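Trainee:
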Amino acid sequence: MLIETKEKREAPPRVRSANLTEVVAIQNASVKAKLQVEGLSAWFGTNKVLFGIRMQIPENRVTAIIGPSGCGKSTFIRTLNRMHEMVVGARVEGQVRLDGQDIYAQDIDPVLLRRRVGMVFQKPNPFPTMSIRDNVLAGLRLTRALDRGRGEEIVETALRQAALWEELSDRLDEPGGSLSGGQQQRLVIARALAVEPDVILMDEPCSALDPIATARIEDRIHALKEKYTIVIVTHNMQQAARVADRTAFFLLGELIEYENTNDLFTAPKDKRTEDYITGKFG
Amino acid sequence: MKPAAAIKPRARATPIRERVVEYALLGSGLFSILTTAVILAVLVYETAGFFSEVSLADFFGDTQWTPLFSDKHFGIWPLVLGTLLTTAIAMAVALPLGLLAAIYLSEFAPEKVRRVIKPALEVLAGVPTIIYGYFALVFLTPLLQKLIPGLAGFNALSPGIVMGIMIIPMISSLSEDALHAVPMSLKEGAWALGASRLAAVFRVTIPTALSGIAASVILAVSRAVGETMIVAIAAGQQPRLTADPRVPIETMTTYIVQISLGDTPTGTIEYQTIFVVGASLFAMTFGMNMLSQRLARRFRGKYEP
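From first to last, the protein sequence lines are chains V and C. According to our numbering, the first sequence is numbered sequentially starting from 2. According to our numbering, the second sequence is numbered sequentially starting from 8.
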């Protein structure tokens, strides 16, 4: 059985592959680590949900986080842009370094951090009171960073990156809520891109979408990793296999295994990973 | 497995007692509808009687309201203006304070503070209006007279301010509900883009809750328009076509009190005036309540899947 005692879970996690250096080996090539997570634990009130995570997230690659419901995968990516602490009573310990800089250091403003680490949520959340154009520009307007006159150019670039320009270029004044679910999710991606972040976090971005809309989002993920570092949480193992360079398996708040995606799915080293990817539980 | 117990047929599907209760409930429902209908019918009947003697042109065209004088004038505007003046003063107080309280409670207050402040604010709405009226007359007016030269003992300003204080919880409570109903996902969306809490509140949360906030404001306006006791006590009884808040005026509600408590014989034109004023008042508050409900419905429809 997979249910462990609390004492056992408090023990140091047995992470076999996480590299201590700043370089991550991916498919025999070395890549710079964009995010380095060290001894990261998280709580909701007195309930501990993450246990000493240590992980290196490579730059310009897609990293997938998989695991059964309640394993802490969403909480984990919400610690990467300090969204976790916006929940009342939520707390974090440990380090997350973005380009070597600890984002939990005293002098870091979480608001500025979030301009570098964007996020796309499970449910498409375009702002209902804004037009498509204003949704794309929302991040820049909210942070007063919009250059007058550059608006149209930013809107076009972001919508092209999200593969929405062809569909929507003549509908920019319509409300964001008038789009289909898949379009809304791509609009939200465009909104995140317009701020020009370094990292994009995606929390089950396709779980509310049909297969065609999902394929489009995955196609975008492939294209975007040239410019951005992407971390995607998914409960869909096929999706992880399709989009991710590296995959991490979380269970009960611990990082069990973190490997090149191919290796994790074809030759899992941990019995629990194997049980999960072969569908024995979850 | 045990065999299922056979269901014994009864003489009647529903026992008498149940049907009595059902009719009693129906009756109570119909009673309130009937009351409203009768009130409307009386208003329409007496208003029709009034307009058989006074022309619409006089009613809407004259600038004086003197039904009790020998030189009678029936221009409604002094009463309407008096009502709008006290309402405007009340809203000038209640709108900023109520909205800021709602924003604070919904978006910034820690749970502990919220649990104390919200009920405390709602106590304001439970104070009997007669107490507000005396508060305006014997406390606020003398106080304001020290600050504002030329402020009469009866005026629109003091009851307007007090009425505004009374309405604050109405705006703060309903607007807080509207702000609170904005989905967390939208606020998170704004935060994730690097918006500060304040920017997220003003650029995302408030615009999204706007129709709910507007509904609460309209409801508060219609409460101020219909408020009687405070203005009857502290605003005076002089129908006057003025926007000066320092002098005595008369609101529509106060006029109805004045005639109802006086010795005006039934059936006379003076008597009928209270029905025509009542009908005008009813039309104003009814229109605003309809508008408020429509806005509230639009607001509810927006997020339900």
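Think of the CB as a built atom: it goes at the ideal place given N, C-alpha and C, for glycine as much as any other residue. Predicted model, so just to flag it, every value in this text is computed and none were measured.
If we ignore side chains and look at the alpha-carbon of each, how far apart do Arg142 of chain V and Ala191 of chain V end up?
Mentor: Locating residue 142 of chain V in the first sequence gives position 141, where the first residue counts as 1. Locating residue 191 of chain V in the first sequence gives position 190, where the first residue counts as 1. The alpha-carbon atoms of Arg142 of chain V and Ala191 of chain V are separated by roughly 14 Å.
Trainee: Cα-Cα, which of C:Ala132, C:Met170 and C:Lys153 is closest to Ala143 of chain C?
Mentor: Residue mapping note: residue 143 of chain C aligns to position 136 of the second sequence, counting from 1. Per the Cα distances, C:Met170.
Trainee: Please tell me whether Val49 of chain C has its Cβ less than 8 Å away from any Cβ of chain V.
Mentor: To locate residue 49 of chain C, count along the second sequence from 1; it is residue 42. No - not a single Cβ of chain V is within 8 Å of the one on Val49 of chain C.
Trainee: If you pair each beta-carbon of the region 271-290 of chain C with each one of the region 105-122 of chain C, do three or more pairs fall below 8 Å?
Mentor: With the cut-off at 8 Å, the region 271-290 of chain C and the region 105-122 of chain C do not touch.
Trainee: Looking at chain V, which residues of the region 188-199 of chain C have a Cβ within less than 8 Å of any of its Cβ atoms?
Mentor: Taking 8 Å as the Cβ-Cβ cut-off against chain V, the residues of the region 188-199 of chain C that qualify are Pro190, Ser192, Leu193, Glu195, Gly196, Ala197, Trp198 and Ala199.
Trainee: Please classify Val100 of chain C: does DSSP put it in a helix, a strand, or coil?
Mentor: As a working note, residue 100 of chain C is residue 93 in the second sequence. Looking at Val100 of chain C - three-state DSSP - the assignment turns out to be helix.
Trainee: Beta-carbon of Thr22 of chain V versus every beta-carbon of chain C: anything under 8 Å?
Mentor: Position 21 of the first sequence, counted from the start, is the residue given in the question as residue 22 of chain V. Confidence in Thr22 of chain V is poor, its pLDDT being 45 and thus under 50, which makes the residue's placement too unreliable to answer from.
Trainee: Which value, in whole angstroms, describes the spacing of the CA atoms of Glu275 of chain V and Ile66 of chain V?
Mentor: Here the question's residue 275 of chain V lines up with position 274 in the first sequence. Here the question's residue 66 of chain V lines up with position 65 in the first sequence. Rounded to whole angstroms, Glu275 of chain V to Ile66 of chain V spans 15 Å at the Cα level.
Trainee: Do Glu258 of chain V and Phe52 of chain V count as a contact pair if the criterion is CB distance below 8 Å?
Mentor: Position 51 of the first sequence, counting from 1, holds the residue named residue 52 of chain V. Position 257 of the first sequence, counting from 1, holds the residue named residue 258 of chain V. Going by C-beta atoms, Phe52 of chain V is not nearer than 8 Å to Glu258 of chain V.
Trainee: For Ser223 of chain C, I'd like the list of residues in its chain whose CB is within less than 6 Å of its CB, leaving aside the five on either flank, ordered along the chain.
Mentor: Numbered from 1 along the second sequence, position 216 holds the residue referred to as residue 223 of chain C. Answer for Ser223 of chain C: Ile178, Leu181 and Ser182, listed in chain order.
Trainee: Near Met236 of chain C, which residues of its chain fall below 6 Å by C-beta distance, leaving aside the five closest residues on each side in sequence?
Mentor: Within the second sequence, numbered from 1, the residue matching residue 236 of chain C stands at position 229. Taken in chain order, the residues that qualify are Thr136, Ile137 and Gly140.
Trainee: Run through chain V and tell me which residues come within less than 7 Å of Val211 of chain C, C-beta to C-beta.
Mentor: Reading the second sequence from its first residue, position 204 is the one you call residue 211 of chain C. Those within 7 Å of Val211 of chain C in chain V are Phe128.
Trainee: Okay, do the region 170-189 of chain V and the region 129-140 of chain V touch, 3+ Cβ pairs below 8 Å being the bar?
Mentor: They touch, by the three-pair rule.
Trainee: Have a look at C:Pro176, C:Thr54, C:Ile175 and C:Ala127 and flag the residue whose alpha-carbon is nearest the alpha-carbon of Tyr278 of chain C.
Mentor: Counted from its first residue, the second sequence places residue 278 of chain C at position 271. It is C:Thr54.
Trainee: Does the beta carbon of Gly119 of chain V come closer than 8 Å to any beta carbon on chain C?
Mentor: Working through the first sequence from its first residue, we reach residue 119 of chain V at position 118. So yes, Gly119 of chain V belongs to the interface.
Trainee: Taking the alpha helix (DSSP H) that Thr267 of chain V belongs to, which residues open and close that run?
Mentor: As a working mapping, residue 267 of chain V is identified with position 266 in the first sequence. Element bounds for Thr267 of chain V: Thr262 to Thr267.
Trainee: Note down, in chain order, all residues in the region 137-155 of chain V with a beta-carbon under 9 Å from any beta-carbon belonging to chain C.
Mentor: Hits within the stretch, in order: Ala139, Gly140, Leu141, Arg142, Leu143, Thr144, Arg145 and Ala146.
Trainee: Can you name the residues of chain C whose CB is closer than 9 Å to the CB of Pro36 of chain V?
Mentor: Numbered from 1 along the first sequence, position 35 holds the residue referred to as residue 36 of chain V. Per the sequence shown, the amino acid found at residue 36 of chain V is Leu instead of Pro. Those do not exist, as Leu36 of chain V stays about 16 Å from chain C at its closest Cβ, beyond 9 Å.
Trainee: Could you tell me whether the region 202-222 of chain C touches the region 293-302 of chain C, using the rule of 3 or more Cβ pairs below 8 Å?
Mentor: Output reads yes: the region 293-302 of chain C touches the region 202-222 of chain C.
Trainee: Under the DSSP definition of a beta bridge, which residues are partnered with Leu202 of chain V?
Mentor: In the first sequence, the residue the question calls residue 202 of chain V occupies position 201. According to DSSP, which records beta bridges pairwise, Leu202 of chain V is partnered with V:Met120 and V:Val232.
Trainee: If we count Cβ pairs, one from each stretch, closer than 8 Å, do we get three or more for the region 111-124 of chain V versus the region 194-204 of chain C?
Mentor: Enough Cβ pairs lie closer than 8 Å, so yes.
Trainee: If I'm right that Asp204 of chain V touches Val63 of chain V with Cβ under 8 Å, what's the distance once you round it to whole angstroms?
Mentor: Along the first sequence, read from residue 1 onward, the residue named residue 204 of chain V stands at position 203. Along the first sequence, read from residue 1 onward, the residue named residue 63 of chain V stands at position 62. With 8 Å as the limit, Asp204 of chain V and Val63 of chain V do not qualify as a contact, their Cβ atoms being about 14 Å apart.
Trainee: From which residue to which residue does the alpha helix (DSSP H) around Thr64 of chain V run?
Mentor: In the first sequence, the residue the question calls residue 64 of chain V occupies position 63. It is not in any alpha helix (DSSP H) - Thr64 of chain V instead sits in the beta strand (DSSP E) that spans Val63 to Ile67.
Trainee: Please classify Ser170 of chain V: does DSSP put it in a helix, a strand, or coil?
Mentor: In the first sequence, residue 170 of chain V corresponds to position 169, counting from 1. Ser170 of chain V falls in the coil class under three-state DSSP.
Trainee: Determine whether the Cβ of Arg116 of chain V lies closer than 8 Å to any Cβ atom of chain C.
Mentor: If you number the first sequence from 1, residue 116 of chain V lands on position 115. At least one chain C Cβ lies under 8 Å of Arg116 of chain V.
Trainee: Can you tell me which of the three DSSP states Leu36 of chain V falls into?
Mentor: Looking up residue 36 of chain V in the first sequence gives position 35. In the structure shown, Leu36 of chain V sits in a strand (DSSP, three-state: E or B).
Trainee: Does the beta-carbon distance from Gly82 of chain C to Gly68 of chain C come in below 8 Å?
Mentor: Locating residue 82 of chain C in the second sequence gives position 75, where the first residue counts as 1. Locating residue 68 of chain C in the second sequence gives position 61, where the first residue counts as 1. Cβ distance < 8 Å, so Gly82 of chain C and Gly68 of chain C count as in contact.
Trainee: Between Ala195 of chain V and Leu113 of chain V, is the Cβ-Cβ spacing less than 8 Å?
Mentor: Working through the first sequence from its first residue, we reach residue 195 of chain V at position 194. Working through the first sequence from its first residue, we reach residue 113 of chain V at position 112. The answer is no: Cβ separation not under 8 Å.
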